[in-house]
Amino acid sequence: MAGHDKKAGHQPGDGAVRLRSQLWFDNPENPGMTALYLERYLNFGLTRAELQSGKPIIGIAQTGSDLSPCNRHHLDLAKRVREGITAAGGIAFEFPVHPIQETGKRPTAALDRNLAYLGLVEILYGYPLDGVVLTTGCDKTTPACIMAAATVNIPAIVLSGGPMLNGWWKGERTGSGTVVWKAREQHASGEIDYDTFMDLVASSAPSVGHCNTMGTASTMNGLAEALGMSLPGCAAIPAPYRERGQMAYETGRRIVDMVWEDLKPSDILTRAAFENAIRVNSAIGGSTNAPIHLNAIARHVGVPLTVDDWQTVGHKIPLLVNLQPAGDYLGEEFHRAGGIPAVVAELIAKGKIHEAALTVNGRTMGENCAGRFSWDREVIRAYDTPLKEDAGFIVLRGNLFDNAVMKTSVISPEFRARFLSNPDDPNAFEGRAVVFEGPEDYHHRIDDPALGIDAHTLLFIRGTGPIGYPGGAEVVNMQPPAALLKQGVHALPCIGDGRQSGTSGSPSILNASPEAAAGGGLALLKTGDRVRVDLEQGTADILISDAELAQRRADLAAHGGFPIPRSQTPWQEIQRGMVEQFDAGMVLKPAVKYQRVAQT
Ligand code: FES
Ligand code: MG
């Protein structure tokens, strides 16, 4: 086996691996502290013999709760994890992680990714844990957990919670989030009423689990597997399926051996692993949130990765997975068709995967996935007959921002006909800008005829980045005014310094860095300006002179700079003071210098 054998041939307790937990629980050199640490962990029934037996203490980082329904199934799965840990000779300690529910948290769940990260770092650093099972699911729970494991660098393994079962409405699949974008158009144009709107949207959530579309949750769990952080096949198993409980058990078993093998996040999260994940992201039609979160994980483990790497490494990879929002199907079909290993097998066959990248099972990506082709070519296409070519992101830059990301593969024929049909200039569009100051302003004014929005207008939104709207708002995919929807205009170009939901199929230009609130050129844009976007050259510019731009910048500074709203909570203020921009992963500046900090 070409895999991992750092501590092969070990015996539990043979001294080859010194367990962190023994510093707390069995340290004859400091009986006073040892007794203090130990005695309180006996009070619910553990015995001194267990805690001093030299068995690894394994944390189960529990992200599920009533407040985080996407991850709530982990409350049940943790029992199987615990049984796996026990069967392999470990002792399980389950503890809560700060909840992050994408659909439930105001002002945005993204604000809490770094808060959950900080909390988990303190737990993994400061308590007697030798390894940890990271229970992941809803969008930001996955990066928050992996970022923390990367910082502390103790053996860690991801257990995804799995997507919900497929949603259905009148014989058609209804996918998480994606159905909302459709339903709100139908509601805005008067096609359906409030009650039907509610029932239609709720039909997409038929069971426990996270979003069943290829939104940010399925993306990030898929990329965790592509990074090598979960057992092969883990990400796609729907939450209620029997295989999910079986995967929980195997994950619990495996983490104990990882402790004995001393297999750490830094052994797995290499540059090669990130390049693999970027390519898998293109092939699955992954979320535009992925660059933010993957770049954040890379920063915390100390691997150089830039937003430009996403275009260089990932743009040319075709779309292979036929899941909503880019395609037709949902999580159940993806799992049955073979999930992430089948996608990786396609990429391996074309030399697009670093096969030697190590994974949590001690084997390489190549050993795990080579030849595991899908039998269902409707759902997972062969590399040579993809759904779309060039499914990765492109990176745009200009006087509006230093960089922003666009998923060109979701440009619709309707959009192309209106904006990209000039035979002399087929990859560029130009138009009049209408600027909104955040989502509230957009909702307030979008239907105002005075704005003069027509089928060729470019919609902008700003004040929605990590500082402007703490955590960054998922709002860049803006729906055209109702009057245009009724005329059959379903999409205008949307550009902004916020994010958008991974369940949206809109070809927005987003994650702009720096944001308006951090001195980006978006702050200088005025409604009525003409803007040119060139997808071939990778540029996005306000068509004004440099002198005019400098004058506007001076005027803005003279008026106190771009307005930043008052923080509503202490954490909003703390994060605003130390957060990096989207292209740098929206990490906390002081946090990235702490790496591999586990006490041994
Ligand atoms: Fe939680 Fe989509 S809202 S996974
Ligand atoms: Mg989301």
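The sequence shown begins at 8 in the working numbering and counts up one residue at a time. Here a beta-carbon is modelled for each residue, glycine too, at the ideal position from N, C-alpha and C.
Confirm the yes/no value for this check: CB of Cys145, any heavy atom of the ligand FES, distance under 6 Å. Residue mapping note: residue 145 aligns to position 138 of the sequence shown, counting from 1. Yes.
Hey, quick one: how far does the beta strand (DSSP E) through Asp548 stretch, first residue to last? Counted from its first residue, the sequence shown places residue 548 at position 541. Counting along the chain, the beta strand (DSSP E) containing Asp548 begins and ends at Thr546 to Ile549.
Buried or exposed (CB count within 10 angstroms, at least 16 for buried), Ser511: Here residue 511 is taken as the residue at index 504 of the sequence shown, counted from 1. Buried is the call here.
Candidates Gly182, Val367 and Ala243, of which the one nearest Met236 by Cα: Counting from 1 along the sequence shown, the entry for residue 236 is found at position 229. Met236 has its Cα closest to that of Val367, out of Gly182, Val367 and Ala243.
Assigned exposure category for Trp6 - 16 Cβ within 10 Å defines buried: Outside the shown range of the chain (8 to 607) lies residue 6, about which nothing can therefore be said.
Give me the Cβ distance between Thr158 and Val128, rounded to the nearest whole Å; I'm assuming they're in contact under 8 Å. By 1-based counting over the sequence shown, the position of residue 158 is 151. By 1-based counting over the sequence shown, the position of residue 128 is 121. Yes, they are in contact, since the Cβ atoms of Thr158 and Val128 sit about 5 Å apart, within 8 Å.
Under the rule that 16 or more other beta-carbon atoms within 10 Å means buried, what is Gln606, buried or exposed? The count along the sequence shown starts at 1 and reaches residue 606 at position 599. So Gln606 counts as exposed.
Compute the beta-carbon to beta-carbon distance between Lys320 and Glu268, rounded to the nearest angstrom, for a pair I have assumed lies under 8 Å. Along the sequence shown, read from residue 1 onward, the residue named residue 320 stands at position 313. Along the sequence shown, read from residue 1 onward, the residue named residue 268 stands at position 261. Reading the sequence as shown, one finds Val at residue 320 and not Lys. Not confirmed; about 29 Å, so no contact.
Taking DSSP as the reference, what is the three-state secondary structure of Phe426? For this step, residue 426 is matched to residue 419 along the sequence shown. In this structure, Phe426 counts as helix in the three-state DSSP scheme.
List the DSSP bridge partners of Trp31. In the sequence shown, residue 31 corresponds to position 24, counting from 1. DSSP output for Trp31 lists no bridge partner at all.
With a 10 Å radius around its C-beta and 16 neighbouring C-beta atoms as the bar for buried, classify His621 as buried or exposed. Within the shown structure, residues of the chain are numbered from 8 to 607, placing residue 621 beyond reach of any answer.
7 Å Cβ cutoff met for Gly509 and Asn296: Locating residue 509 in the sequence shown gives position 502, where the first residue counts as 1. Locating residue 296 in the sequence shown gives position 289, where the first residue counts as 1. A contact, by the Cβ cut-off of 7 Å.
Just reading off the beta strand (DSSP E) that Cys501 is part of, what are its end residues? As a first step, residue 501 is located in the sequence shown; it is residue number 494 there, counting from the start. Per DSSP, Cys501 belongs to the beta strand (DSSP E) from Cys501 to Gly503.
For Gly138, which of helix, strand or coil comes out of DSSP? Taking the sequence shown and counting its residues from 1, the one referred to as residue 138 is at position 131. Here Gly138 sits in strand by DSSP.
Cβ neighbour criterion (16 or more within 10 Å) applied to Glu481: Along the sequence shown, one-based indexing puts residue 481 at 474. Classification for Glu481: buried.
Would you mind working out which of Pro487, Ala364 and Gly475 sits nearest Pro456, comparing C-alpha positions? Here the question's residue 456 lines up with position 449 in the sequence shown. Checking every option, the nearest Cα to that of Pro456 belongs to Pro487.
Complete runs of the beta strand (DSSP E) confined to the segment 508-570 [at least 3 residues]: 516-520, 537-541 and 546-549
Less than 7 Å between the C-beta atoms of Lys600 and Glu587, yes or no? Looking up residue 600 in the sequence shown gives position 593. Looking up residue 587 in the sequence shown gives position 580. Contact flag unset, no.
Residues in its own chain within less than 6 Å of Ala424 by CB, not counting five upstream and five downstream? By 1-based counting over the sequence shown, the position of residue 424 is 417. Excluding sequence neighbours, Ala424 sits near nothing in its chain.
Extent of the continuous alpha helix (DSSP H) to which Trp578 belongs: Position 571 of the sequence shown, counted from the first residue, corresponds to residue 578. Pro577 to Met585 is the extent of the alpha helix (DSSP H) around Trp578.
Kindly list the residues whose CB is nearer than 6 Å to the CB of Asp548, restricted to its own chain and excluding five residues on each side of it in sequence; keep chain order. Within the sequence shown, numbered from 1, the residue matching residue 548 stands at position 541. Excluding sequence neighbours, Asp548 sits near Gly405, Asn406 and Arg539.
Just to confirm my understanding: we take Ala212, look at its own chain, exclude 5 residues before and 5 after, and list those with CB closer than 7 Å. What are they? Here residue 212 is taken as the residue at index 205 of the sequence shown, counted from 1. Cβ neighbours of Ala212 beyond the five flanking positions: Met171, Gly174 and Ser183.
Name the DSSP beta bridge partners of Val599, please? Position 592 of the sequence shown, counting from 1, holds the residue named residue 599. None; Val599 has no bridge partner.
For Arg452, does the three-state DSSP call read helix, strand or coil? Sequence index remark: in the sequence shown, residue 452 carries index 445 (1-based). Reduced to three states, the DSSP call for Arg452 is helix.
Name the DSSP bridge partner or partners of Ala411? Within the sequence shown, residue 411 is the residue found at index 404, counting from 1. In the DSSP output, where bridge partners are listed per residue, Ala411 has Leu403.
Could you check whether Ala279 and His361 sit closer than 7 Å to each other, using their CB atoms as the reference points? Here residue 361 corresponds to residue number 354 of the sequence shown, with the count starting at 1. Here residue 279 corresponds to residue number 272 of the sequence shown, with the count starting at 1. Cβ distance < 7 Å, so His361 and Ala279 count as in contact.
Is it right to say Leu550 is buried, meaning 16 or more other beta carbons lie within 10 angstroms of its own, or is it exposed? For the purposes of this step, residue 550 is taken as residue 543 along the sequence shown, with counting starting at 1. By the neighbour-count rule (16 or more Cβ atoms within 10 Å), Leu550 is not buried but exposed.
Cβ-heavy atom distance between Ala547 and the ligand FES below 6 Å? As a position in the sequence shown, residue 547 is number 540, starting the count at 1. No - the ligand FES has no heavy atom lying nearer than 6 Å to the Cβ of Ala547.
Same chain only: Cβ atoms within 8 Å of Arg261, ignoring 5 sequence neighbours per side: Walking along the sequence shown from the start, residue 261 turns up at place 254. Within the same chain, Arg261 has close Cβ partners Gly91, Ala95, Ile164, Leu238, Val367 and Asn368.
Tell me which residues share the same chain as Lys112 and place their Cβ nearer than 7 Å to its Cβ, disregarding the 5 neighbours each side in the sequence. On the sequence shown, residue 112 is found 105 positions in, with the first residue counted as 1. Once the five neighbours on either side are set aside, the close Cβ partners of Lys112 are Asp119.
Taking the alpha helix (DSSP H) that Ser273 falls in, what are its first and last residues? The sequence position of residue 273 within the sequence shown is 266, counting from 1. Residues Pro272 to Ile275.
Length of the line joining the Cα atoms of Ala591 and Ala85: Along the sequence shown, read from residue 1 onward, the residue named residue 591 stands at position 584. Along the sequence shown, read from residue 1 onward, the residue named residue 85 stands at position 78. Their Cα atoms are separated by approximately 33 Å.
For Leu74, which residues of its own chain have a beta-carbon under 8 Å away from its beta-carbon, when the five flanking residues on both sides are left out? Position 67 of the sequence shown holds residue 74. For Leu74, where only same-chain residues beyond five positions count, the Cβ hits under 8 Å are Pro106, Gln108 and Gly111.
Which one of Gly168, Gly216, Thr220 and Ile161 has the shortest CA to CA distance from Val187? Residue 187 sits at position 180 when you count from the first residue of the sequence shown. Val187 has its Cα closest to that of Thr220, out of Gly168, Gly216, Thr220 and Ile161.
Which residue from Met154, Trp176 and Met265 puts its Cα closest to that of Gln602? The residue labelled residue 602 in the question sits at position 595 within the sequence shown. The shortest Cα separation from Gln602 among Met154, Trp176 and Met265 belongs to Met154.
For the beta strand (DSSP E) containing Gly438, list its first residue and its last residue. If you number the sequence shown from 1, residue 438 lands on position 431. Start and end: Ala435 to Phe443.
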